Every structure is written in C-alpha cells, then in structure tokens.
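Data first, discussion second: the structure below is written as structure tokens.
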Amino acid sequence: MQFQKQNSKASILLIYTGGTIGMKEDPIEQTLKPFDFKQILEAVPELGKFACRIDSYTFDPLIDSSDVEPSMWQALAALIRDNYGSYDGFVVLHGTDTMAYTASALSFMLENLDKPVIFTGSQLPIGKPRTDGRENLISAVEIASTKNEEGRAMVPEVAIFFDSVLLRGNRSTKVKSEQFDAFQSYNCPPLAEAGISIRYNNTIERSGEQCANSLTISEKLDTRVSILKVHPGITPQVVKNILLGPETRAVIIETYGSGNAPTKDWFIRIVEEAASMDKILINVSQCLCGSVNMSLYATGKKLENAGVISGHDLTTESALAKLFYLMGKYPKNNEVKRLMGENLRGEISK
C-alpha cells in the first residue's frame with residue numbers, strides 16, 4: 001500500500017445518474033424520490049474544500065438503478081468520451097442495485113482508458129443523519145483527483161468506491177442490501193482503502209498506465225445473452241427454453257462450485273445441441289469466491305467436452321458485460337469465444 005496526496009490542479013466531472021444517494025423522503029407518500037442534484041452539493045459542503053475544480057452533470061431524466069439499460073451505458077460512455085480532454089477524472093453517482101453491471105460494462109466500453117472513472121452511491125439518502133453517501137462521495141472525488149509522482153492517475157480504470165474500500169469495477173458484486181459494506185470483490189484485492197489517509201495498492205497491475213492511444217468507446221452492444229442458473233430439480237423444458245432460444249446468441253451458465261452441473265443425459269444432450277447451433281456457452285460459478293476449473297471433476301469435464309467455455313473467476317455481472325461488448329464488436333462467435341478466455345481489463349485472474 002502507498003499513501004498519496006490529492007493533486008491540487010485536478011479537475012473532476014461529477015455525473016449524477018440517479019440512485020439513493022440523491023433521494024429525499026416525500027412527506028406525503030413516505031417514499032424516496034429523487035431531488036435536484038444541486039441539493040447534493042449543498043448537502044456536502046466539504047467538496048468545496050478540495051483544491052480542484054468540480055463540475056457536475058445530471059442525467060435527465062434521472063434513472064432508477066432498477067431501470068438501467070444498455071442504452072444508459074452508451075450515453076454514459078459517450079458523455080465521458082466527449083468530456084475526456086477537459087477533466088482528470090470522473091465520479092459517477094449511481095444506484096447500488098445495478099452499479100456492478102454498469103461499472104463492468106464501462107470497463108470494457110471505454111477503450112484505452114487512462115483516467116479514473118469512480119462509481120459510488122449510498123445505502124441511505126444523503127440527507128439522512130447517518131448517511132454513508134457523504135463519505136463515499138468525498139473519498140471518490142479525492143481518489144479521482146489523485147495522481148502519482150509522475151503526474152499520472154493513481155487509479156486509471158473503472159472502479160467502485162463504497163464503505164472505505166475501492167474495488168475494481170468488473171470484479172465487484174453487490175452482496176448486502178442493508179449494510180454499508182454493500183460491495184465485495186472476492187477474487188481481486190482492493191485497489192485502495194480509505195482510513196485517515198487513502199492507501200493505494202500498487203501491487204495490482206493497472207492496465208491503464210500502459211495506454212498509448214487516445215480514449216475511444218465501443219458503443220455497439222449485442223444483448224442477446226441469457227443466464228441459466230443451475231439448481232436441483234431443474235427441468236429439461238427450462239434448460240431448453242434458455243439454451244436453445246432462437247434469439248439467444250450466448251448463455252451464461254451459473255454452475256455449482258468449480259464449474260459443475262448435472263450429468264444427466266438429457267442435460268448434456270441439450271448443452272451439446274446448443275453448442276452445435278454455435279451458441280456461446282460460458283461457465284461461471286455460483287460461488288462468490290473461487291474460479292471455474294472444468295478439469296477438476298468429471299461433471300465439469302463433461303460440460304467442457306460438450307462445448308462449454310470456462311469463465312474462470314468472472315462475476316456474472318462482468319461475464320454479461322463482456323459478452324455484450326465482444327458480441328457487439330465481433331460477428332463471428334469463434335472470436336468472441338477466444339476473447340472470453342482472455343484477460344482484457346483485469347476481469348480475470350490469470
């Protein structure tokens with residue numbers, strides 16, 4: 001871990017997409033509704049103490065986290081691209097329910113990224129006395145504005161800051177709905193931890209530091225992906241509907257443990273039929289920690305022989321985003337299958 005100071009010449013674009021952090025309670029309906037972004041800035045006067053310029057942009061209309069669609073990812077990526085030359089870093093305020101999906105998607109869509117794109121939000125509205133939003137926002141801005149001794153961004157990638165921990169965006173999963181430590185990254189250590197000072201983990205490779213080209217974005221996404229969660233009692237009809245669907249180009253199969261699934265003849269036959277249709281079949285584990293290894297047990301080997309590709313230690317959110325991205329770029333499934341096994345943005349431990 002390394003201590004760094006915030007750069008006094010940085011400029012940050014604060015992007016408010018929606019979410020709990022910008023909510024207030026309706027006194028009549030007793031429900032949470034979004035309020036004007038300016039009220040967030042008023043609620044966090046500490047932001048004015050940073051020796052850097054902080055500009056803001058608000059999505060209109062604001063987007064509830066549960067309503068996030070790939071079109072929002074495209075709009076967000078385009079916004080960052082269009083303002084990339086004017087800012088040293090970006091902080092994105094986003095609802096927690098789909099934050100890991102959006103962070104994963106942006107990690108792939110923003111090509112040649114060498115500046116911070118830090119997602120954050122809160123479990124309690126920023127106007128509440130015990131809100132976690134204030135500290136999350138302040139620390140996210142500090143991280144986005146921090147540079148190393150060479151003047152380069154300390155975190156030149158897409159990340160999530162929540163409850164004093166900075167996590168790689170495409171390694172993160174929301175695991176708690178009622179605690180402040182809502183996000184975890186079980187297969188990748190934190191990029192930074194915030195205490196009295198912010199300590200950066202310099203042992204983790206930062207792909208952004210090697211970028212020599214200008215930022216580009218990949219806006220074309222192919223969303224023809226389904227998810228099959230294997231479970232005891234799963235029926236042939238359910239498996240057929242998901243794996244053999246005519247509108248499905250790829251399927252993420254969430255398996256047990258290190259990549260195991262039923263060995264019943266009917267299950268393997270359906271998998272083989274899907275593979276014969278040139279479907280992209282990706283094996284990810286239902287376990288939050290660990291990796292798929294289809295050579296470890298006979299059940300996993302049967303899937304591999306049937307045409308299923310290992311997703312290694314991809315999260316489901318990252319696997320989905322990576323498929324959207326690769327399928328949008330490459331019309332041939334063989335190229336997508338090959339690249340799904342490669343570590344493109346630090347999403348796989350290899």
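Counting in the numbering used here, the sequence shown runs from 1 upward without gaps. Glycine included, C-beta positions come from ideal geometry on N, C-alpha and C. This one's a predicted model, so the numbers in the text were calculated from it and none came from an experiment.
Bounding residues of the alpha helix (DSSP H) (the contiguous stretch that carries residue i)
i: Asp-55; result: Run containing Asp-55: none in the alpha helix (DSSP H); it sits in the beta strand (DSSP E), 53 to 58.
i: Glu-272; result: 265 to 276
i: Tyr-101; result: 99 to 109
i: Leu-326; result: 316 to 329
i: Ser-71; result: 70 to 82
i: Leu-243; result: 236 to 243
i: Asn-305; result: 298 to 306
i: Val-292; result: Counting along the chain, Val-292 falls outside any alpha helix (DSSP H), and DSSP gives it neither H nor E.
One or two residues paired with residue i in a DSSP bridge
i: Ile-143; result: Bridge partners of Ile-143: none, in fact.
i: Asn-260; result: Tyr-256
i: Glu-193; result: Val-165 and Arg-199
i: Lys-174; result: Phe-183
i: Met-154; result: Answer is none; Met-154 lacks a bridge partner.
i: Ile-204; result: Note: Ile-204 sits in no beta bridge, so no partner.
i: Phe-119; result: Val-92 and Ile-160
i: Ile-63; result: None, per the DSSP bridge assignment.
i: Ser-349; result: Looking at the DSSP assignment, Ser-349 forms no beta bridge with any residue, so it has no partner.
i: Ile-309; result: Ile-282
Extent of the continuous beta strand (DSSP E) to which residue i belongs
i: Phe-254; result: According to the sequence as given, residue 254 is Glu; it is not Phe. Its beta strand (DSSP E) spans residues 250 to 255.
i: Ser-11; result: 11 to 16
i: Val-91; result: 89 to 93
i: Lys-229; result: 225 to 229
i: Asn-213; result: Neither: Asn-213 is in no beta strand (DSSP E) and is coded neither H nor E.
i: Asn-283; result: 280 to 285
Distance CB(residue i)-CB(residue j) smaller than 7 Å
i: Lys-279; j: Glu-254; result: no
i: Ser-104; j: Ser-285; result: no
i: Ile-12; j: Val-141; result: yes
i: Thr-315; j: Thr-173; result: yes
i: Ser-107; j: Asn-170; result: yes
i: Val-336; j: Leu-326; result: yes
i: Ala-250; j: Ala-275; result: no
i: Ala-182; j: Thr-98; result: no
i: Leu-167; j: Ser-185; result: yes
i: Leu-93; j: Gly-121; result: yes
Integer Cβ distance of residue i from residue j, believed to fall under 8 Å
i: Ile-352; j: Ile-198; result: Past the edges of the chain, shown from 1 to 350, lies residue 352, and the structure says nothing about it.
i: Asp-313; j: Ser-291; result: 4 Å
i: Asn-83; j: Ser-214; result: With 8 Å as the limit, Asn-83 and Ser-214 do not qualify as a contact, their Cβ atoms being about 14 Å apart.
i: Phe-59; j: Asp-132; result: Going by Cβ atoms, the distance from Phe-59 to Asp-132 rounds to 22 Å, so no, they are not a contact pair.
i: Pro-61; j: Phe-90; result: With a Cβ gap of about 21 Å, Pro-61 and Phe-90 do not count as contacting.
i: Thr-223; j: Phe-324; result: 6 Å
i: Val-308; j: Asn-333; result: Not really, about 13 Å apart at Cβ, beyond 8 Å.
i: Asp-88; j: Ser-139; result: Actually they are not in contact, since the Cβ atoms of Asp-88 and Ser-139 sit about 16 Å apart, beyond 8 Å.
i: Tyr-200; j: Ala-192; result: 5 Å
i: Met-23; j: Trp-73; result: About 22 Å; that fails the 8 Å criterion.
i: Cys-287; j: Gly-257; result: 6 Å
i: Ala-261; j: Leu-320; result: Between Leu-320 and Ala-261 the Cβ distance is about 19 Å, and since that is not below 8 Å, they are no contact.
Any contact of the region 291 to 300 with the region 50 to 57, i.e. 3+ C-beta pairs under 8 Å?
-> In short, these stretches do not touch, since the Cβ pair count stays below three.
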